[in-house]
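Trainee: Quick one: this structure, given as structure tokens, is what I'll be asking you about.
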Amino acid sequence: MLYSPAFRLPARKPTGAKLALKPFHVWGIRVRLQVGDCIRDLALFDLALDSKLRGCDLTQLKVSDLVSASGVKRRVMILQQKTGRPVQFEVTEQTRRSIAAWIDAKQLGSNDWLFPSRLRQGGHLSTR
């Protein structure tokens with residue numbers, strides 16, 4: 000039987016960890032979010048870069064986890080949902096500015112979810 004392209008096996012999807020974003024990719028995403036005035040997405044993106052937390056942990060943050068009376072904290076300690084271990088990270092100036100802008104835009108209180116759901120009243124943003 001002759002080889003025919005119609006009888007090729009399907010290509011396998013790569014498994015494992017994905018490649019990290021390069022600095023020019025991060026810069027490009029940030030610029031697009033700033034130009035597009037996507038305040039929530041910029042705050043979420045910046046916080047994800049700083050914290051390296053899983054999506055489920057990011058969406059379940061409360062305003063009080065990141066904000067004190069003097070403003071957005073410089074260092075934050077979060078308990079991971081999956082492992083139960085605490086993660087401490089530093090919040091950069093860029094991230095503090097974007098989080099403060101997001102909180103001001105939504106007029107969030109200290110007991111509110113940092114990223115509230117648009118669909119469910121009183122719920123947080125879903126990872127789905």
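The numbering of the sequence shown is numbering that gives the first Met the number 0, which starts it at 0 and goes up by one. All C-beta atoms, glycine included, are put in the ideal place defined by N, C-alpha and C. Because the structure is a prediction, the values reported are computed rather than measured.
(1) Shortest alpha-carbon distance to ARG127 belongs to which of THR58, VAL86, ILE77?
(2) Measuring straight from C-alpha to C-alpha, what distance separates ASP45 and GLN79?
(3) What does a CB cutoff of less than 8 angstroms around ASP49 pick up in its chain, not counting 5 residues either side in sequence?
(4) What residues are listed by DSSP as bridge partners for ARG74?
(5) For the candidate residues SER69, LEU18, ARG84, LEU113, whose alpha-carbon lies nearest to that of LEU128?
(6) Tell me, to the nearest whole angstrom, how far the beta carbon of ILE28 is from that of LEU52; I am working on the premise that it is less than 8 angstroms.
(7) Provide the residue(s) that pair with PRO115 in DSSP beta bridges, ordered along the chain.
(8) Note down the Cα distance separating ASP64 from ARG73, rounded to an integer number of angstroms.
(9) For LYS81, tell me which candidate among CYS55, VAL25, TRP101, ALA68 has the shortest Cα-Cα distance.
Mentor: So, from the data block:
(1) Position 128 of the sequence shown, counted from the first residue, corresponds to residue 127. Of THR58, VAL86, ILE77, the residue nearest in Cα terms is THR58.
(2) For the purposes of this step, residue 45 is taken as residue 46 along the sequence shown, with counting starting at 1. For the purposes of this step, residue 79 is taken as residue 80 along the sequence shown, with counting starting at 1. Their backbone Cα atoms lie some 18 angstroms apart in a straight line.
(3) Looking up residue 49 in the sequence shown gives position 50. The residues are PHE88, GLU89, VAL90, THR91, THR94.
(4) For the purposes of this step, residue 74 is taken as residue 75 along the sequence shown, with counting starting at 1. Bridge partners of ARG74: GLU89.
(5) Look at the range of the chain in this structure, 0 to 127, and you will see that residue 128 is not part of it.
(6) Position 29 of the sequence shown, counting from 1, holds the residue named residue 28. Position 53 of the sequence shown, counting from 1, holds the residue named residue 52. Actually they are not in contact, since the Cβ atoms of ILE28 and LEU52 sit about 18 angstroms apart, beyond 8 angstroms.
(7) Numbered from 1 along the sequence shown, position 116 holds the residue referred to as residue 115. Paired residue(s): HIS123.
(8) The residue you call residue 64 lines up with position 65 of the sequence shown. The residue you call residue 73 lines up with position 74 of the sequence shown. One C-alpha to the other measures close to 11 angstroms.
(9) Residue mapping note: residue 81 aligns to position 82 of the sequence shown, counting from 1. Answer by Cα proximity: CYS55.
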